[in-house]
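Just so it is clear: in the sequence shown, position 117 is 516 by the working numbering, and no numbers are missing.
Quick notes on the structure that follows.
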Amino acid sequence: MKFKSITLALAITCFISCKKEETKTETPNTETPKEEVAVTIPDSATIAKAWQDYATPGEQHKMLAKDSGVWEEEMTFWEHAGAEPSKMTMTAESKMIFDGKYQETTHKGDFYEMPFEGKSTLGYNNAEGKFISTWIDNMSTGISVLKGTYDPTTKTYTMSGEVFDPVTKKLKTSKEIVTIIDDNTQKMEMYDIGFDGKEFKNMEIIMKRKK
């Protein structure tokens with residue numbers, strides 16, 4: 400009897416298990432199989448050549464080196480579109496750093512009767528094919544980055560990028576145009592975005608090389 404009871408219990412358990420298996424519904428797999436992307440790894444010679452080209456100064460860097468020296472700056476500044484211009488003077492010293500790869504310029508003077516110092520770097524990214532400039536100064540905590548190209552026909556650098564506005568706490572577009580007038584004279588123009596969302600010229604600097 401005991402054996403029969405155990406057998407019956409096992410049979411009932413098996414029957415219940417089988418019924419559970421029958422009532423299980425399989426969820427269809429709706430996921431799209433991911434396609435495997437083949438990765439092509441360049442050979443070591445190709446990689447080495449790319450890095451060598453990336454690190455070697457070219458004609459654009461030689462052009463930047465021609466600006467080395469001390470420059471007198473006559474600055475005109477507009478707080479907003481239609482505002483009366485403010486004028487001030489500064490001095491800038493440019494030199495090439497890191498074996499001729501970048502131009503570093505230090506600007507010094509008084510800005511609204513306060514001591515001012517700013518530093519810019521300008522380089523040409525061989526891989527990207529663009530000029531890149533950065534700017535920092537003692538009157539802010541931000542770093543501005545602009546990118547652009549040089550037009551040999553008009554002898555003009557045109558750079559643009561996004562900067563953070565400390566007043567609106569939003570990004571806005573900034574544009575810089577540098578015109579090479581002659582070997583010893585340059586004109587730099589800066590364009591800002593006003594609170595009305597329109598672009599206006601907020602700065603112009605005439606740079607003359609100090610002899």
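Glycine is no exception: its CB is placed at the ideal position from the N, C-alpha and C atoms.
Run through DSSP, which three-state label would residue i get?
i	result
Tyr-612	There is simply no residue 612 to check, as the chain begins at 400 and stops at 610 in what is shown.
Met-462	helix
Lys-423	Here the model assigns Lys-423 a pLDDT of 48, short of 50, so the residue's position is not dependable and the matter cannot be decided.
Lys-597	coil
Ser-443	helix
Lys-610	coil
Asp-582	coil
Should residue i go down as buried or exposed, given a rule of 16 or more other Cβ atoms within 10 Å for buried?
i	result
Leu-570	exposed
Met-538	exposed
Gln-451	exposed
Asp-591	buried
Gly-468	exposed
Thr-504	buried
Ala-491	buried
Asn-601	buried
Glu-575	buried
Closest to residue i by C-alpha separation, out of the options, would be which residue?
i	options	result
Ile-542	Asn-525, Asp-550, Tyr-523 and Val-562	Val-562
Met-474	Phe-599, Glu-598 and Met-587	Met-587
Thr-572	Thr-552, Tyr-556, Asn-583 and Lys-546	Lys-546
Ile-496	Glu-516, Phe-515 and His-460	His-460
Just to confirm my understanding: we take residue i, look at its own chain, exclude 5 residues before and 5 after, and list those with CB closer than 7 Å. What are they?
i	result
Ile-579	Lys-554 and Gln-585
Glu-564	It should be noted that the sequence gives Asp, not Glu, for residue 564. Closer than 7 Å at Cβ, skipping near neighbours: Lys-571.
Going by beta carbon distance, what residues of the same chain come within less than 8 Å of residue i, once the five residues before and after it are set aside?
i	result
Gly-457	Tyr-523 and Asn-525
Met-513	Met-538
Ordered along the chain, which non-local residues of its own chain (more than five positions away) have a Cβ less than 6 Å from that of residue i?
i	result
Ile-605	Glu-473 and Lys-586
Would you say residue i faces chain C, with C-beta separation under 8 Å as the test?
i	result
Lys-571	Within the model displayed, chain C is absent; a lone protein chain is all it includes.
### Start-end ranges of the alpha helix (DSSP H) lying completely within the region 458 to 503, minimum 4 residues
458 to 464
### Message
If we require 3 or more residues per run, which beta strand (DSSP E) segments fall completely within the region 542 to 582?
### Response
543 to 550, 555 to 564 and 569 to 581
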